[in-house]
Each structure stands twice: as C-alpha cells, then as structure tokens.
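Colleague:
Protein chains: 2
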Amino acid sequence: MKPADIIIRADHILTMDKDLNVVRDGAIVVADGKIVCVGPADEAARKYSAPENLGGAGTVAFPGLVNTHTHSPMVYFRGLADELPLREWLEKHIWPAEEKWLSPEFVADAVELACLEMLGSGVTFFCDMYFYGDAIAAAVKRMGMRAVVGAGIVDFPTATGRNADEYLEKAERFIRDWKGDSLITPCTAPHSSYACGPDTLRKAKALSETYGVPLHIHLSETEWETHELEAKHRARPVTFLDSLGFLDPSVTAAHCVWVSDEEIGILAKRGVGVAHCIESNLKLASGFAPVVPMLNAGVRVTLGTDGAASNNDLNMLSEMSTTAKVHKALAKDPTVLNARQVMLMATRWGAEAFGMGEMTGSIETGKAADIVIADLKKPHLLPLYDIYSHIVYSMNAADIDTVLVNGMVLLKGRRLMSGDEPAIMERAAAWGKKIRG
Amino acid sequence: MKPADIIIRADHILTMDKDLNVVRDGAIVVADGKIVCVGPADEAARKYSAPENLGGAGTVAFPGLVNTHTHSPMVYFRGLADELPLREWLEKHIWPAEEKWLSPEFVADAVELACLEMLGSGVTFFCDMYFYGDAIAAAVKRMGMRAVVGAGIVDFPTATGRNADEYLEKAERFIRDWKGDSLITPCTAPHSSYACGPDTLRKAKALSETYGVPLHIHLSETEWETHELEAKHRARPVTFLDSLGFLDPSVTAAHCVWVSDEEIGILAKRGVGVAHCIESNLKLASGFAPVVPMLNAGVRVTLGTDGAASNNDLNMLSEMSTTAKVHKALAKDPTVLNARQVMLMATRWGAEAFGMGEMTGSIETGKAADIVIADLKKPHLLPLYDIYSHIVYSMNAADIDTVLVNGMVLLKGRRLMSGDEPAIMERAAAWGKKIRG
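If you read the protein sequences in the order shown, they are chains P and V.
This note's numbering numbers the first residue of the first sequence as 1 and each following residue consecutively.
This note's numbering numbers the first residue of the second sequence as 1 and each following residue consecutively.
1) With DSSP collapsed to three states, give me the class of Met-294/V.
2) Can you tell me whether Thr-160/V is helix, strand or coil according to DSSP?
3) So with CB distances below 8 Å, who are the chain P contacts of Thr-335/V?
4) Would you please verify whether the beta carbon of Val-326/P is less than 8 Å from any beta carbon of chain V?
5) Quick one: list the residues of chain P neighbouring Ile-136/V, beta-carbon separation under 9 Å, in chain order.
6) What does Asn-281/V touch in chain P if you count any residue whose Cβ is under 7 Å from its own?
7) Inspect the CB distances between the segment 76-86 of chain P and the segment 317-336 of chain P and report whether three or more fall short of 8 Å.
8) Quick one: complete alpha helix (DSSP H) runs, 4+ long, within the segment 345-411 of chain P?
9) Which residues in chain P have a C-beta closer than 7 Å to the C-beta of Arg-24/V? List them in chain order.
10) Give the range of the beta strand (DSSP E) segment to which His-216/P is assigned.
11) Run through chain P and tell me which residues come within less than 8 Å of Thr-158/V, C-beta to C-beta.
12) Under 9 Å Cβ-Cβ, which residues of chain P neighbour Ile-435/V?
13) Going by DSSP, name the residue or residues bridged to Glu-52/P.
14) So, do the segment 88-106 of chain V and the segment 381-399 of chain V have three or more beta carbon pairs nearer to each other than 8 Å?
15) For Ile-136/P, which option in Lys-205/P, Met-74/P and Pro-157/P has the closest C-alpha, if you only look at C-alpha atoms?
16) In the DSSP assignment, find the unbroken beta strand (DSSP E) run with Phe-126/V in it and report its ends.
17) Go through the segment 21-91 of chain V residue by residue and report every complete run of the beta strand (DSSP E) that reaches 3 residues or more, in order.
18) Could you compute how far the alpha carbon of Asp-134/P sits from the alpha carbon of Gly-150/P?
19) Confirm, please, whether the CB-CB distance from Ala-309/P to Arg-87/P is below 8 Å.
20) Determine, using beta carbons only, whether Thr-322/P comes closer than 8 Å to chain V.
21) Suppose contacts are defined by Cβ-Cβ distances below 8 Å. Is Leu-183/P in contact with Gly-122/P by that definition?
22) Which class does Pro-186/P belong to by DSSP, given the choice of helix, strand or coil?
23) Quick check on DSSP: helix, strand or coil for Gly-152/P?
24) Is Gly-120/P close to chain V, meaning its C-beta is less than 8 Å from at least one C-beta of that chain?
25) Quick check on DSSP: helix, strand or coil for Ser-321/P?
26) Tell me whether the beta-carbon of His-69/P lies closer than 8 Å to the beta-carbon of Asp-370/P.
27) Check Ser-192/P in the structure and name its three-state DSSP category.
28) Can you round the beta-carbon distance between Arg-146/V and Thr-360/V to whole angstroms, since I take them to be within the 8 Å contact cut?
29) Relative to the C-alpha of Phe-131/V, which residue among Gly-120/V, Ala-171/V and Thr-124/V is closest?
30) Can Val-405/P and Thr-124/P be called in contact, C-beta distance under 8 Å?
31) Using the beta-carbon count (16 or more within 10 Å), is Thr-347/P buried or exposed?
32) Shortest alpha-carbon distance to Leu-381/V belongs to which of His-93/V, Gly-58/V and Val-259/V?
33) Got a sec, what are the start and stop residues for the alpha helix (DSSP H) His-233/P sits in?
34) Could you tell me if the beta carbon of Glu-230/V falls within a distance shorter than 7 Å of some heavy atom in the ligand SAM?
35) Which word fits Gly-366/V, buried or exposed, when buried means at least 16 other C-beta atoms lie within 10 angstroms of its C-beta?
36) What is the DSSP secondary structure of Ala-139/P, reduced to helix, strand or coil?
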C-alpha cells in the first residue's frame, strides 16, 4: 500500500483525456497536489491508502472548469446597470462606477466573492483582465484558485495609470513579481485593438515574448469595433492584429463575435485560442459568435463568463448549456456542439489555450489535481442515461459539492475551506450598500 | 389581531400586479389558502397573527412561476437521446420508448419526479400535455401543485387509443371527471395541426366550448410543419387553424417558432396565448421564435420548459434567463425583454393565458396563495441593486427555499412536504435502470 493524500471515488470519472475515457466506479488518487492514479476504484483501494476520502456513490468527478475570460472584481457591479447598449453601459455606468470605487481593497474583496461563486459552480482556473493585478493575484492565491491574471494596458489615462508606457512598465513589474508562482500565471493584457494603438500592441507583444507569458485581449466583440478599426486602420480587427505580428498560440482572444471567414482562417492558422462568452454577448446584444464555423476551421474555442456586470453571474455550467443550445439553432443542426465537445471546450481546451495543457485541464496521472466532484442524487439529474448530457444540459451550480485545486480541497460539501465565507459575503453586502448610495 | 394561517415576511415582495408594485420589508398573510393581506411587514404584524411564519430577512417572495407547456412524465426520458433532429428524435427514440414503457404507473411515478423538480425551481402551476391524463392529474393533485392537464388527441392509434373519436370520447370523460377541481383544470389538447385533421380539430374545439375548458396545442414548432401544412391544406399552420374557427383566447399554443408577420397578426387579434419554449427550440434546432415581434403585436407570450427529454430540465428560471438574453441578441437591442417583462411572462401572463388570471399569477389580496420564497444570501446574488435582474439573470433553482400552492406549504427549506422525496427518487432511478436495459 502506497501512501497518498486523498482518494476520490465516483460513479463516473470524466477524464477528458485525448480519448475522452470515462472510468465507471472509479478512483482518483492525489499525492503532493498531483494525480498519481486514475482507474477502477477497487484497484486504487488495493494500491493506495490516504487519510482523506472524498466523493462516493452517486457522484461524478470531472476536471475543474476553465473560465477563459472574466473581469472577476466586476461581481460587485452585478446588476448595477442592465439592458443597455455596450457603449452606454460602459461609458455612463460601468466606467463612472469604476472611477469612483476602484481601489486595491475593492478589488481584493470583490475577487474573493468571485472566487467563492466560481468554486461553487465548478471553476478551478480562470483568466482575469482588470485593474490592480497585484491585489487580484494575491486574492486568488489566498483563495487557492488557479488563474492567468492580465496586467491591463490601454492608451488612455485611468485610475491606475497615465499612458501606455506607464501601463507597460507596471505590467513588466507585475510579470516579474508573479512569474513562476504555483497558482498565478501573469499575462500581458492589452484591452483591445480599439483601446490600444499599433505601437502599444507591438510593445505588449514584445513584453509577452520576453517573459514567455500569455497574451489576452478583447477582439471583435461588437460590430462597432469592426467599423472603428476599418476607419482607423483600414482593416478588420483580426486582420489588423495579424498585420502587427500579434497573433500566435500565446494569444487568447475574448469574444470574436464579428469575425469574417477570412479572419476565422487567420485565427485557425495562427493557433489563437478564442474565449467565447455567449451569455454576455447575448445580454449586451453584441451578436452571435460564429462558433461552429470557427470549430470547423480548427480554431480552439473555449468558454468564458465575461464579468458578472454583463452576464450576470460567473456560472460556467450555464455557459456550457447556453453555448451547446444556441449554436444548434444557429446552425439549424441539433448534432453540432454535442455535450462531449462543449465539455472539452470548458476543460482541457481552456488549459491548452493558455499553454497549460500539460499541467491541468484533464484528469490524468501527473497532472495537477484540479478536480470537481458533483452530486448526482438530485431530482433534475434522474434518471441517468448519459453523464455528459447531464453535466452540460441538466446540472446546476448547486450540484457541485467538492472542488480541489492543486490537490487542496477548497470547497467541501459546498462549504468554502480556503476563506471565511460569511465574512466575504458581509463585505460584498457592505460594498453594495456603499455603491448603491 | 385577526387570526391567519401563515405570515410570510420578505425583504422584497414582487407582487406582479398591474403596476408591478414591489413591497420592501413586506409581509403576505395567508388564510384558508388565499392571500388576505400584502403590505409592510410591521402593519401585517399589528393586524394578524398566525401559527406559521415563513421567509424572513434576506429573502424575496414572488408569485409561483407558471410553466405553460410541458410533458411532465418525459422526465423519465431525460437525456435518453440527445442532439438529434426533431423527427429522428421522436420517431426513432422517443416514440419507441413510449410504446415500450408507458403505463399509468410509469406516468404517475414520473409526474411526481417532475413535480419535485418543478417545485424546486419555483414552479407552482404548469400545463401538461401527455397520455394517461387521469394518472397525471391524480399525481399532480397528490403533490399539491396546480395544473392544466391536457387530454391528448391525435388522428392515429397509440397505446392509449385507436382513433380520433376514441381520444375525443376519453377527453370528454376526463374533462367531466376533473372539471371544478381546486387544483386541476382539465383541457382539450389536440396534438397539432399536422397530427390532427380539420374534422378532429373542429370536434376538439367544440368539446372545449361545451365544457368551457382551455385548449392547448403545438403550433408551428418546426419549419417542416409549415411545409407539411402548406402541402396538405394550402395554408400555414396559424392561418389554417384560424380558418377552422379554432383560435380565440381559450387557446394556448406551444412554440410558434415559424410564424409569419400575418400569422402574428392573427395570434394577436384572436387573443391566443403563446407558450415560448426557448431551450427546447434551441436544443432541437427548431429555430428562434419571433418573440419581440409577437410582443410588439400584442401577443401574450408566456414561457414553458417543454418536456425534459428535449431541454433537459424543467427549470423555469433558466428559461427566463435564456429568453431574456437570446432575444436581445436577435433584436440587436439590449433594451428589449427586460427583467420585469420576462418575470411577467413567467407569472401573471401564464395564469392569464389559461383564463386563470383572476385566481393566481400575482400576489394580490383575494388570490390563491401560490407563492415562492427564495434565499438571497448567496454569493451569486451579491451585491443587490435590482431584484428583478437578480431573479431573471442570476438566481439558480437551488435558491428557491419555500413554495406554497393554494396556501399549502409544498416545499420548505428545499424539502418536499407533500410527498416522500427519497421514494420518488428511488423510483426514478429504478425506472431508469429498466429503460436503460
């Protein structure tokens, strides 16, 4: 008997490995934060012993969900201004609120609420783009989650900087400070091709190459953006970025709603990861991203919630369900975006988009133990014919019972293990009261 | 102090009355199954005393959600066959499964699971269309829910009848048996204009008129149906039904995806209620119903989940969120279908569609106490700026804490009060095992 830290038993283990193996009556053995064995439960029981046993009958285990695009501190603006056009929403509501309220304290408190919400819906890993990266990274690490944290760069002054050079300088310092961390991957995050000029975008790209970190950017979210770019640079956004040498597999681009067939070809050829944020795109009426054409062209499409101010939650299970359904209707074909495909987009492909596919995104020996255990003993999950279908189409956030990141149990029986849940919620209510005025 | 049965206190009471009044720090007083007072909590406390107190700080109360189209026993086929075109799904999977398994016992057991799921997501009232109406009605009544139960009519033989005349005869007996029940409203439910010929539709209409009961029908769900009707009757489905004198305010038509502008005009003019089932329409790739044009034309559009075999759940909160979002993107206008509008469609308009608006659908003195209490003390519901926004865009089924129908507490602390929850779930699992084979 070899010693281990944790043994997880489940009726179904969705490995999301390259053959999409599912282990029935299986076990996952965790030691030193890593998965050391995945296989039949009886076999694991013969080989390993561990002080902590999780899961059990009536559960399913799957890789932690990867939310590839969010602005996590914006949970504090959830529902503050709804049902407005993107520019009015940003310029009249969100930006003024940010100008008035943002601070490292605001961000740190808000990120804890966001992590609590994400863990509670099965997310283990997310990509964040916002201000005060140090405060965000520190809060995420405190909560025990995995994140790619973007150092934001724009061409205009904000509360956190005066101009592009200052943002770039701060980004470099942020990257240096956090590179090599076990949970936080710093990244360069120029806001968009309309908020950053060619010079800034080239410098951001160079910075990312110098330090070997990912690049994250908003790309073709609205039709307005394509017109703006055509007017400014006589090119559509993807074509424009490609002309700068910006696009390659280190880039994850959020949205990609208004991309032409030619641009889809470029995204595929350059190996760019796309963070599809369907609920935000729908709610802001930004449009329908051509996900089926992108997948057919070989683009790695992943899923993101976007910020909770435009969604209005950080629930990846809901994104999965909405994505799977809406694109069937758009394609007039119910066979596209099946549950396995969507599950892959929400797990392994998410990790791969950030160059972290060797480390997480699936349940395989040697990978980090980033694992979700969900309870199948629920009225809406009965009977059970297809486990993938249940996760994508029928499972609710509240069915997520236990979540591990890097082998640490962060949520157990839906209770937060890595922070003070009542205090996080009290702070959220107090900030809400202040912001409401 | 007047005696009452139940006093519900909540931070917010969404009455959904004609002015959409919201009572802050409010109370609802229930006596003899009815609402006898809605107003400020302190006022109610001075006037009434009751043995049972529900709700409290950090809760919201709103009218029970009305699911205007489902086939509740199909929960037992949840996820049995996914991601197939409608006709293949029906003809190769669902109909054979129904032929093999349907019985009054199957239906009774399945309906209890469906009721458990619906209560758990805030539904108090639904419209059902399936076979074995007696078994359905008895099960719904046992569970304490309110339902319009359709006696199904088609032109071809099934397990429950040989021809239209036999279905019509059975429908009449069913209507006689159940008319006047406090919870069950029997209705006439000819399947569709493609499964029923003009003669059958006319007889169904006459039957409904004779007994003064609602009519429920599938209408223009798929493009195929419009072609079929044009080939058979040289008219599109709505126009065809109107030519028979079938359409009036007693009719609630499910789907209405493929309706022309002219047909929308007819639906509005005739006062037909539409049961919009967006998640089923998306998942089966049936298309996008023109909800915004229907609303603009004055059609009373309500919401339904359809059966769990094509959805794959009976979660009205999710239907509300998806409806509000998808139609914004279709209309390219984020201001349409705002949270208040969608909430109205899911509550009072649902009751009105079945001619029951005087009795339920809103929280008003004199109406039946069909009330939902939800818990706002959740990470994904913080902070709170707009209560309607939270219910439509951020609330999950698991936030529903307590549900009353006709003044009876059916769900309390998410525990079923009107049935044996573990037994219902065991039976569901056992049926699933048999069906899986």
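Every residue gets a Cβ at the ideal spot worked out from N, C-alpha and C, and that includes glycine.
Please read all numbers here as calculations on a predicted model, not as lab measurements.
Modeller: Working from what's here:
1) Locating residue 294/V in the second sequence gives position 294, counting from the first residue. Looking at Met-294/V - three-state DSSP - the assignment turns out to be helix.
2) Here residue 160/V is taken as the residue at index 160 of the second sequence, counted from 1. Three-state DSSP puts Thr-160/V in coil, outside helix and strand.
3) As a working mapping, residue 335/V is identified with position 335 in the second sequence. Simply Glu-83, Leu-84 and Pro-85.
4) Residue numbering aside, residue 326/P sits at position 326 when the first sequence is read from its first letter. True, the Cβ-Cβ gap to chain V drops below 8 Å.
5) In the second sequence, the residue the question calls residue 136/V occupies position 136. Chain P residues near Ile-136/V: none, gap ~17 Å exceeds 9 Å.
6) The residue labelled residue 281/V in the question sits at position 281 within the second sequence. Ala-329, listed in chain order.
7) The segment 76-86 of chain P, when compared against the segment 317-336 of chain P, does not touch it at the 8 Å Cβ threshold.
8) Counting whole runs of 4 or more residues, the segment 345-411 of chain P contains the alpha helix (DSSP H) stretches 348-353.
9) Against the second sequence, residue 24/V aligns to sequence position 24. Listed along the chain, the chain P residues whose CB falls inside 7 Å of the CB of Arg-24/V amount to none; the nearest CB is some 13 Å away.
10) Position 216 of the first sequence, counting from 1, holds the residue named residue 216/P. Counting along the chain, His-216/P sits inside the beta strand (DSSP E) bounded by residues 215-219.
11) If you number the second sequence from 1, residue 158/V lands on position 158. In chain order: nothing, as chain P lies at least about 23 Å away.
12) Locating residue 435/V in the second sequence gives position 435, counting from the first residue. Under a criterion of Cβ atoms nearer than 9 Å, the residues of chain P adjacent to Ile-435/V are, in order, Pro-383 and Tyr-385.
13) As a working note, residue 52/P is residue 52 in the first sequence. Under DSSP, Glu-52/P forms a beta bridge with Ile-6/P.
14) The segment 88-106 of chain V is not in contact with the segment 381-399 of chain V.
15) Within the first sequence, numbered from 1, the residue matching residue 136/P stands at position 136. Of Lys-205/P, Met-74/P and Pro-157/P, the residue nearest in Cα terms is Met-74/P.
16) For the purposes of this step, residue 126/V is taken as the residue at position 126 of the second sequence. Membership of Phe-126/V in the beta strand (DSSP E) is indicated by the continuous run 123-130.
17) Every beta strand (DSSP E) stretch that sits fully inside the segment 21-91 of chain V and reaches 3 residues is listed by chain position as 22-31, 34-40, 52-63 and 65-70.
18) Counting from 1 along the first sequence, the entry for residue 134/P is found at position 134. Counting from 1 along the first sequence, the entry for residue 150/P is found at position 150. Answer to the nearest angstrom: the Cα atoms are 10 Å apart.
19) For this step, residue 87/P is matched to residue 87 along the first sequence. For this step, residue 309/P is matched to residue 309 along the first sequence. Contact flag unset, no.
20) To locate residue 322/P, count along the first sequence from 1; it is residue 322. Interface flag for Thr-322/P against chain V is set, since a Cβ pair is found closer than 8 Å.
21) Here residue 183/P is taken as the residue at index 183 of the first sequence, counted from 1. Here residue 122/P is taken as the residue at index 122 of the first sequence, counted from 1. The Cβ atoms of Leu-183/P and Gly-122/P lie no closer than 8 Å to each other.
22) Position 186 of the first sequence holds residue 186/P. In the displayed model, Pro-186/P falls within a strand according to three-state DSSP.
23) Along the first sequence, read from residue 1 onward, the residue named residue 152/P stands at position 152. Here Gly-152/P sits in strand by DSSP.
24) The residue given as residue 120/P occupies position 120 in the first sequence. Interface annotation, Gly-120/P: in contact with chain V, CB-CB separation under 8 Å.
25) If you number the first sequence from 1, residue 321/P lands on position 321. Of the three classes helix, strand and coil, the one that applies to Ser-321/P here is helix, per DSSP.
26) The residue labelled residue 69/P in the question sits at position 69 within the first sequence. The residue labelled residue 370/P in the question sits at position 370 within the first sequence. It is not a contact, given that the beta carbons lie outside the stated cut-off.
27) To locate residue 192/P, count along the first sequence from 1; it is residue 192. Strand, per DSSP.
28) The residue given as residue 146/V occupies position 146 in the second sequence. The residue given as residue 360/V occupies position 360 in the second sequence. That belief holds up - the Cβ atoms of Arg-146/V and Thr-360/V are roughly 7 Å apart, short of 8 Å.
29) In the second sequence, counting from the first residue as 1, residue 131/V sits at position 131. Checked all of Gly-120/V, Ala-171/V and Thr-124/V; the closest Cα to Phe-131/V is Ala-171/V.
30) For the purposes of this step, residue 405/P is taken as the residue at position 405 of the first sequence. For the purposes of this step, residue 124/P is taken as the residue at position 124 of the first sequence. Between Val-405/P and Thr-124/P, the gap from beta carbon to beta carbon is short of 8 Å.
31) Translated into positions along the first sequence, residue 347/P becomes position 347. So Thr-347/P counts as buried.
32) Numbered from its first residue, the second sequence carries residue 381/V at position 381. Of the residues His-93/V, Gly-58/V and Val-259/V, the one whose Cα lies closest to the Cα of Leu-381/V is Gly-58/V.
33) In the first sequence, residue 233/P corresponds to position 233, counting from 1. For His-233/P, the enclosing alpha helix (DSSP H) has its first and last residue at 223-233.
34) Among the components of this structure there are no ligands whatsoever, and the ligand SAM is therefore not found.
35) The residue given as residue 366/V occupies position 366 in the second sequence. By the neighbour-count criterion, in which a residue is buried when 16 or more other Cβ atoms sit within 10 angstroms of its Cβ, Gly-366/V is exposed.
36) The sequence position of residue 139/P within the first sequence is 139, counting from 1. Ala-139/P: helix per DSSP, three-state reduction.
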